[in-house]
Every structure is written in structure tokens, then in C-alpha cells.
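Participant: When you line the sequence shown up against the working numbering, it's residues 34 to 144, in that order.
Glycine included, C-beta positions come from ideal geometry on N, C-alpha and C.
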Amino acid sequence: MFGAASEFLRAHSDERFCITFTIAGELAAGSSLRSERTKWFRFIQPFRILESSADAAWEFGLAYKYLQSQGTSIGANYLWIGATGLANSLPVVTRNAREFQRIPGLEVLSY
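(1) Who are the Cβ neighbours of ALA130 in its own chain at under 6 Å, not counting the five residues just before and after it?
(2) Excluding five sequence neighbours on each side, which residues of the same chain lie with their C-beta closer than 7 Å to the C-beta of PHE41?
(3) Between which two residues does the alpha helix (DSSP H) carrying ARG75 extend?
(4) Take the Cβ of ALA50 as the centre, count every other Cβ of all protein chains shown within 10 Å, and call the residue buried at 16 or more, exposed below.
(5) According to DSSP, what are the bridge partners of THR55?
(6) I'd like the list of long-range same chain contacts for ARG128, defined as Cβ closer than 8 Å, with 5 residues on each side in sequence excluded.
(7) Can you tell me the Cα-Cα spacing of SER46 and ILE52, whole angstroms?
(8) Helix, strand or coil: which one does DSSP assign to SER39?
(9) Just the C-alpha distance for ILE77 and SER85, rounded to the nearest angstrom, thanks.
Structure below.
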């Protein structure tokens, strides 16, 4: 599961990666060993966690309205991740580029 992601991270080891608060929550809720708090914390430790903010909420609203008007809605967590990326001027790194590419102005990097 993490093979391609690990390869991407190794290939970009000079970069500092972040995760959103929603991703941290999804990892905590997962059925893998990361659902144990100590292992979960060890896994997320290398990443800066991007918190929710007024800017992210604004970007969420803009993207939500746009996607609704186009009939191309995406899941709320995808929307929060994309909005947080926009608010922080950061690309989203994903293996599910199709969803994120629907958000106008968001840079999407696939692995």
C-alpha cells in the first residue's frame, strides 16, 4: 500500500512534506497498526500537520460552490485537503489525482 508513496518520498527527500488535519484523523481511524496512538504518532511525526484555518474554510467554500455548479462534486475530505493546499499555496501529492484535479487552481502531483 505504501510502496509507491514511500518511493515518491524517497525521491523527494530534500522536500518537507505536510499532511492535513483530516489525513491525520483518517490515519488514526484506520484499521492498520497506526490506529494505536504510539504507532500512529510515530508515523505522522515526520510531517507538519496543516491545521484548519479561515483561509482553508474560504477555499473550501469557493471550491464547493464551483464543483456543485459543474456537477462534479467530490468527497468532503478531498475538498478539505485541496482547500488546505490552496490556503497554504502547496500542491497535493496523491495517487488519486482525478478527484483533486477538479479543484480549480490546485497543483496536483501524482505518484
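Facilitator: Working from what's here:
(1) VAL141 and SER143
(2) Taken in chain order, the residues that qualify are VAL126 and TYR144.
(3) 70-77
(4) The displayed chain sequence assigns Phe, not Ala, to residue 50. If you draw a 10 Å sphere on the C-beta of PHE50, you find fewer than 16 other C-beta atoms in it, and that means exposed.
(5) Looking at the DSSP assignment, THR55 forms no beta bridge with any residue, so it has no partner.
(6) If the five residues before and after ARG128 are omitted, its C-beta is found closer than 8 Å to the C-beta atoms of ALA37, ALA38, SER143 and TYR144, all from its own chain and listed in chain order.
(7) If I take the Cα positions, the gap works out to 16 Å.
(8) helix
(9) 17 Å
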